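Visitor: Mind looking over this structure? Questions follow.
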Amino acid sequence: MKFALKSSLLSIALSAAMSTAALAGDLVINFDDPNPGPKAGFEAAVEAFKAANPDVNVIVNINDREAHKTAIRNFLSADAPDITSWYPGNRMAPFVEAGLFEDVSDVWEANGFSDSLAAIKPTMTIDGKQWGVPYTYYQWGVYYRKDIYEELGLKEPASWAEEKANCQAILDAGKKCYTIGTKFLWTAGGWFDYLNMRTNGYDFHASLLGGNEKWDSPEVRATFANWKELLDMGAFVDNHTSYSWQESLPFIVSGEAAAILKGNFAVPPLREAGLDDSKLDFYQFPAITDGIELAEDAPTDTFHIPSGASNKENAKAFLKFVTSAENQTLINAGDALGQLPVNANSSVDDDKFLKEGFEMLSSNSPGGVAQFFDRDAPAEMAKVGMEGLQEFMVKPDNLDAILARLDKAAERIYK
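Counting from 1, position 371 in the sequence shown corresponds to residue 1023 in our numbering; the numbering is continuous, with no gaps.
Here it is as structure tokens:
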């Protein structure tokens, strides 16, 4: 499969080479994921680029993600590569503000990326300029037991009222509405992301996690009020602080819970546990506030040109190459990344959930694309914030103290 992927990419590269201006010199790329799928997709893209640009000497450094996070500020300042992988949104912002990432708005304009990469553009934009390009992402949403919904006569909800009505019917049938494991705090972050974006919109959500809004505000309190409606119903599995997300999956597999809010990475283990596509389905988290466009959590990986890069012309050519519709289709294929192409003109593997996610993110999510709580907030704020979210799920009456604590932490951290 990997050979077929590389062969396809190489054939595209060779045809592209016929119409591409000649490049020469070096191209140094620091990449941050040695796991087999991401590594295979990235290496295939590099080989294809080399075939299209045989006079460019591509030098690749592949590091562990945690090591990359630790080293990036140092190598951007002292020994910058020509391209580095990273993340958009608030994770990108410190390097933009420090002058360490190159403005690549010209690449976006020259290649029509404002149309083909429209879903991701807001999170790649600071001060009206674009500071990198995305190369892969994946959807979040509600994965649910289709057979249970059919048995109870339920339909996929389009509104918050319908979501709660479905939940009550599920509870009346002796099941829980949602499974979740909050032993590792980030899963509660997904629920807050969706409830806050549906209650207040993407711009407010991004501003809050960027340190520009108060936690103890009417808007945030409205989000927690919506969450408390579910908590008061008893919608979530009991003792969820004892489970990781993987340990929470048996509840949906057994039918003790009807749904889970999660990223598409949950699908393979659910299928392996026996939930085929006749039993497992997916829907977009429903609207809450009328007039609020639907934004999504879709964690995205990106490429950036450091401002200290030595070979920026080659780097810009690589950004153009790796985000083309054809290469996006192949890099994100099931025998490589197995995720979603960011180019709306690409196609996806013949997989039910990838197709639904691609359609949702490419066509039906004009409200923006968030990166997830622990990416959109600084690491220290994310930790404090997710501790508060988990506490709220267990002790919702502690909300006043939680919000005061988060505001106090934000005053210190965002300075």
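Heads up, the beta-carbon is just placed ideally off N, CA and C, and yes, glycines get one too.
Please read all numbers here as calculations on a predicted model, not as lab measurements.
#1: Since proline 938 contacts alanine 840 with CB under 8 Å, what's their CB separation in whole angstroms?
#2: Quick check: the region 793 to 807 against the region 819 to 829, are there 3 or more CB pairs under 8 Å?
#3: For alanine 1021, which beta-bridge partners are listed by DSSP?
#4: Output the residue ranges of the alpha helix (DSSP H) runs that lie fully inside the region 818 to 870 and measure 4 residues or longer, sorted by chain position.
#5: Taking a contact to mean a Cβ-Cβ separation below 8 Å, would you say aspartate 678 touches asparagine 709 in this structure?
#6: Can you tell me where the alpha helix (DSSP H) with proline 921 in it begins and where it stops?
#7: Would you decide whether isoleucine 735 is buried or exposed? Buried here means 16 or more other CB atoms lie within 10 Å of its CB.
#8: So what does DSSP say about lysine 658, is it helix, strand or coil?
#9: Quick one: give me the first and last residue of the beta strand (DSSP E) that aspartate 707 is part of.
#10: Among Lys702, Lys880 and Thr875, which one has its Cα closest to the Cα of proline 1048?
#11: Rank Asp716, Phe1005, Phe836 and Gly986 by C-alpha distance to the C-alpha of glutamine 898 and give the top, closest one.
#12: Whole angstroms is fine: what's the gap from asparagine 984's alpha carbon to valine 712's?
#13: Tyrosine 795 and alanine 911 - do their beta-carbons sit closer together than 8 Å?
#14: In the DSSP assignment, find the alpha helix (DSSP H) that holds arginine 1064 and state where it starts and stops.
#15: Please specify which runs of the alpha helix (DSSP H), each continuous and at least 4 residues long, are wholly inside the region 734 to 765, giving them in chain order.
#16: May I have the straight-line CA-CA distance separating alanine 730 from phenylalanine 753, to the nearest angstrom?
#17: Less than 8 Å between the C-beta atoms of tryptophan 783 and histidine 956, yes or no?
#18: Per DSSP, which residues does glycine 886 bridge with? Please list them.
#19: Helix, strand or coil, according to DSSP, for tyrosine 795 in the structure here?
#20: Touch check for the region 1055 to 1062 and the region 1034 to 1041: three-plus C-beta pairs under 8 Å?
#21: If we ignore side chains and look at the alpha-carbon of each, how far apart do serine 671 and threonine 788 end up?
#22: I need the boundaries of the beta strand (DSSP E) containing isoleucine 681, first residue and last residue.
#23: Which whole-angstrom value describes the C-beta separation of lysine 827 and alanine 909, a residue pair presumed to lie in contact below a C-beta threshold of 8 Å?
Guide: In short, the structure shows the following:
#1: Not really, about 19 Å apart at Cβ, beyond 8 Å.
#2: Output reads yes: the region 819 to 829 touches the region 793 to 807.
#3: Before going further, note that residue 1021 is valine rather than alanine in the sequence given. Glu948, per the DSSP bridge assignment.
#4: Scanning the region 818 to 870 from its first residue to its last, the whole alpha helix (DSSP H) runs of 4-plus residues come out as 838 to 852 and 854 to 861.
#5: The beta carbons of aspartate 678 and asparagine 709 sit closer together than 8 Å.
#6: Segment 919 to 924, the alpha helix (DSSP H) holding proline 921.
#7: So isoleucine 735 ends up on the buried side.
#8: Only weak support is given to the placement of lysine 658: the predicted model assigns it a pLDDT of 48, under 50, and the value that follows is read from those uncertain coordinates. When DSSP states are grouped into helix, strand and coil, lysine 658 belongs to the helix group.
#9: In the DSSP assignment, aspartate 707 falls outside any beta strand (DSSP E) and carries neither an H nor an E.
#10: Ranking the options by Cα distance to proline 1048, first place goes to Lys880.
#11: Ranking Asp716, Phe1005, Phe836 and Gly986 by Cα distance to glutamine 898 puts Phe836 first.
#12: CA-CA distance, asparagine 984 to valine 712, rounds to 20 Å.
#13: For alanine 911 and tyrosine 795, yes; Cβs fall inside 8 Å.
#14: 1051 to 1065 is the span of the alpha helix (DSSP H), which, as asked, contains arginine 1064.
#15: Entirely contained in the region 734 to 765, the alpha helix (DSSP H) runs reaching 4 residues are, in chain order, 745 to 749 and 757 to 762.
#16: Rounded to the nearest angstrom, the two C-alpha atoms are 13 Å apart.
#17: In contact: tryptophan 783 and histidine 956 (Cβ atoms closer than 8 Å).
#18: In the DSSP assignment, no residue is bridged to glycine 886.
#19: Correct three-state label for tyrosine 795: strand.
#20: Taking 8 Å as the limit for Cβ pairs, the verdict is that the region 1034 to 1041 does touch the region 1055 to 1062.
#21: Confidence is the limiting factor: at serine 671 the pLDDT is only 40, short of 50, which leaves the residue's position unreliable, though a coordinate-based value still follows. Spanning the two alpha carbons is a distance of roughly 26 Å.
#22: For isoleucine 681, the enclosing beta strand (DSSP E) begins and ends at 677 to 683.
#23: At roughly 6 Å, the Cβ-Cβ gap stays under 8 Å, so lysine 827 and alanine 909 are in contact.
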